[in-house]
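Scroll down for the structure; my scribbles are underneath it.
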Amino acid sequence: MSFFHSPDMRTARPLWSRLRQVPCVVRITVRCRERQTRSPRPGRSAGIDAVAKYRYYPIHNLGGGDMTRMIRTVAAVMAAWAMFALAPASAAPGDIFKTDAKATIDIGVDGGVEAVQLSGVPGEDAQRIYSEQIRQWRFEPVLEDGQAVPARAFAEMDVYVIEQDDGSLELSVGRPVFRSPPGTPDRIEFRLASGEAEPFEVVRRHVPRYPTDQAHRGAEAEVVLLVEVGPSGQVVRAGVASAAFKNANWSGHDRAMERFAVAAKRAVERWQFNPSSLESRRVFIPVDFAMQGTDTSAWQRIRPVPAAREAWVAQVLSPEDGPVERVMDVNDQSSRFVLLNPPELPWM
């Protein structure tokens with residue numbers, strides 16, 4: 001769900017509102033632009049400070065040094081994929097890149113992965129490594145009329161490339177979102193004690209406000225919240241599960257991330273969901289803060305902030321004892337597939 005937000009407006013207006021349509025539940029993207037309020041200083045050449053009406057902060061308007069380093073690093077990663085050897089010295093250790101990928105996954109009657117078809121990832125060697133990680137996944141057996149049956153899952157996920165200190169590359173798959181097969185109704189369901197399925201729906205949403213000071217800096221971030229919903233459908237609490245700056249704009253580090261986290265939580269805490277007989281329902285809600293003009297389809301350089309994860313969220317996702325709680329993403333359109341060993345981000 002893409003929103004266009006101007007800092008001088010009191011509210012952000014969703015793009016689809018003019019069409020009078022109700023969208024399906026998808027990733028929230030808050031896009032921001034800033035009004036140009038003053039003329040460029042004398043002697044300044046055309047650029048960020050001399051846009052006629054609006055000032056944009058896409059990646060190509062960053063400083064020359066940042067952009068040069070970005071190009072060098074992406075080139076190094078792509079070269080390492082092509083040769084599948086050590087990355088050249090021009091790629092800085094610790095650099096992390098991510099992009100979107102899609103996978104068609106064939107699941108056996110025992111819940112094991114039998115076949116994977118991956119798209120959106122360049123390079124045969126990279127595809128092989130990501131696919132091998134997906135083959136390690138284990139699902140609850142898919143039941144039809146009480147019997148386990150083979151099934152095909154359609155998944156979307158982030159995939160990561162991490163530059164190691166020794167110059168090698170670590171490839172990692174993120175948490176998947178499952179889509180329904182063509183012709184199958186899309187909905188999230190929670191299982192009741194009786195075994196019956198109860199639908200989970202978002203009744204009312206509130207758009208997060210892009211932090212104005214971070215918009216001025218051109219900072220972008222993605223904040224994934226773990227949200228606990230009570231029987232009435234109101235949010236009981238929301239906490240940060242993961243957070244990362246995107247591209248090269250992460251000045252201010254942890255303090256800046258706190259601004260994004262607060263904005264995301266304040267909005268999501270006002271969401272309303274359908275009532276339930278369950279005492280508690282938990283879902284992930286990703287909130288993507290992106291500047292107008294940023295290309296979200298390409299590889300993005302990110303800087304995770306592991307310290308942003310809140311204590312109660314860590315206990316739910318990584319308990320000291322007992323099984324890890326299985327939490328669905330609010331963007332899931334199919335509850336048919338329950339992943340028993342969801343991947344954890346390597347830096348958490």
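UniProt numbering numbers the first residue of the sequence shown as 1 and each following residue consecutively. Using N, Cα and C, we set each Cβ at its ideal position, and we do this for glycine too. Remember, predicted model here, so these are calculated numbers, not experimental data.
Cα-Cα separation, residue i to residue j
i: MET83; j: VAL113; result: Only weak support exists for where MET83 lies, its pLDDT of 38 falling under 50; the value from the coordinates is given anyway. If I take the Cα positions, the gap works out to 28 Å.
i: residue 349; j: PRO231; result: In the structure displayed, the chain extends from 1 to 348; residue 349 sits before or after that span and is not available.
i: SER276; j: PRO208; result: 25 Å
i: PRO199; j: VAL287; result: 23 Å
i: VAL236; j: LEU278; result: 13 Å
i: THR162; j: ASP95; result: The question names Thr, yet the displayed sequence has Ile at residue 162. If I take the Cα positions, the gap works out to 6 Å.
i: VAL327; j: PRO319; result: 13 Å
i: TYR210; j: ALA148; result: 46 Å
i: ASP100; j: GLN300; result: 10 Å
i: ALA244; j: ASP329; result: 18 Å
i: VAL240; j: VAL229; result: 15 Å
i: GLU258; j: ALA238; result: 14 Å
i: GLU220; j: GLU344; result: 22 Å
i: PHE273; j: ARG187; result: 13 Å
i: ASP213; j: GLU124; result: 42 Å
i: VAL262; j: ALA193; result: 35 Å
i: ASP166; j: PRO304; result: 20 Å
i: ALA290; j: LEU317; result: 27 Å
i: ILE285; j: SER168; result: 33 Å
i: SER180; j: ILE129; result: 25 Å
i: THR184; j: ALA215; result: 40 Å
Per-residue burial, residue i [other beta carbons within 10 Å of its own, 16 or more giving buried]
i: LEU143; result: exposed
i: VAL121; result: buried
i: TRP271; result: buried
i: PRO182; result: exposed
i: ARG175; result: buried
i: GLN136; result: exposed
i: GLY146; result: exposed
i: GLY195; result: exposed
i: GLU201; result: exposed
i: GLN234; result: exposed
i: ARG255; result: exposed
i: ALA151; result: buried
i: ALA52; result: Because the pLDDT of ALA52 is 24, which lies under 50, any placement of that residue in the model is unreliable, and the number read from its coordinates should be weighed accordingly. Looking at its Cβ environment, which holds fewer than 16 other Cβ atoms inside 10 Å, ALA52 is exposed.
i: CYS24; result: With a pLDDT of 31 at CYS24, under the threshold of 50, the predicted position of this residue should be treated as unreliable, though the coordinate-derived value follows. Label assigned to CYS24: exposed.
i: VAL223; result: buried
i: ARG204; result: exposed
i: VAL22; result: Because VAL22 sits at a pLDDT of 31, beneath the cut-off of 50, its placement in the model cannot be relied upon, and the following sentence gives the value as read from the coordinates. The residue is exposed, with fewer than 16 neighbouring Cβ atoms inside 10 Å.
i: ALA311; result: exposed
Close-in-space but distant-in-sequence residues of the same chain around residue i (CB under 7 Å, 5 per side omitted)
i: HIS206; result: ALA267, ARG270 and TRP271
i: GLU140; result: GLY111, VAL338 and LEU340
i: ILE134; result: ALA103, ILE105, VAL113, VAL116 and VAL173
i: ARG138; result: GLY111, GLY112, LEU340 and ASN341
i: LYS246; result: GLU220, ALA221, GLU222, GLN300 and ILE302
i: PRO346; result: ILE162, GLU170 and SER172
i: ALA264; result: PRO208, VAL223, LEU225 and VAL287
i: ARG281; result: PHE190, PHE200 and VAL229
Beta-carbon proximity list for residue i, same chain, < 6 Å, skipping 5 on both sides
i: PHE178; result: ALA153, ALA155, ASP332, SER334 and PHE337
i: ALA115; result: ASP106
i: SER131; result: VAL116 and LEU118
i: MET348; result: PRO306
i: VAL283; result: VAL227, MET328 and VAL330
Close beta carbons around residue i, own chain, < 8 Å, minus the five adjacent residues each side
i: ALA197; result: GLU189, PHE190, ARG191 and SER335
i: VAL313; result: LEU226, GLY239, VAL240 and ALA241
i: GLY108; result: GLU114 and PRO150
i: LYS98; result: ASP158, VAL159, TYR160, VAL161, GLY174, TRP299, GLN300 and ILE302
i: ALA308; result: VAL223, VAL240, SER242, ALA243, ASP254, MET257, GLU258 and ALA261
Residue i, DSSP secondary structure in three states
i: PRO342; result: coil
i: ASP125; result: helix
i: GLN147; result: strand
i: PRO210; result: First, the amino acid is wrong: residue 210 is Tyr here, not Pro. DSSP places TYR210 in coil when its eight states are reduced to three.
i: LEU86; result: Interpretation of LEU86 is limited by its pLDDT of 32, a score under 50 that renders its predicted location unreliable; the figure taken from the coordinates is listed afterwards. Coil.
i: PHE337; result: coil
i: ALA244; result: strand
i: ASP166; result: coil
i: ALA103; result: strand
i: ALA155; result: strand
i: MET257; result: helix
i: GLU114; result: strand
i: GLN300; result: strand
i: ARG175; result: coil
i: ARG266; result: helix
i: ARG135; result: helix
i: VAL316; result: helix
i: PRO182; result: coil
i: PRO306; result: helix
Minimum Cβ-Cβ distance from residue i to chain C less than 8 Å
i: PRO176; result: Considering every chain present, this structure includes no chain C. It has just one protein chain.
**Asked** Unbroken beta strand (DSSP E) runs of length 3 or more, entirely within the stretch 187-236: which are they?
**Response** Segments of the beta strand (DSSP E) lying fully in the stretch 187-236: 188-191, 197-200, 202-204 and 221-229.
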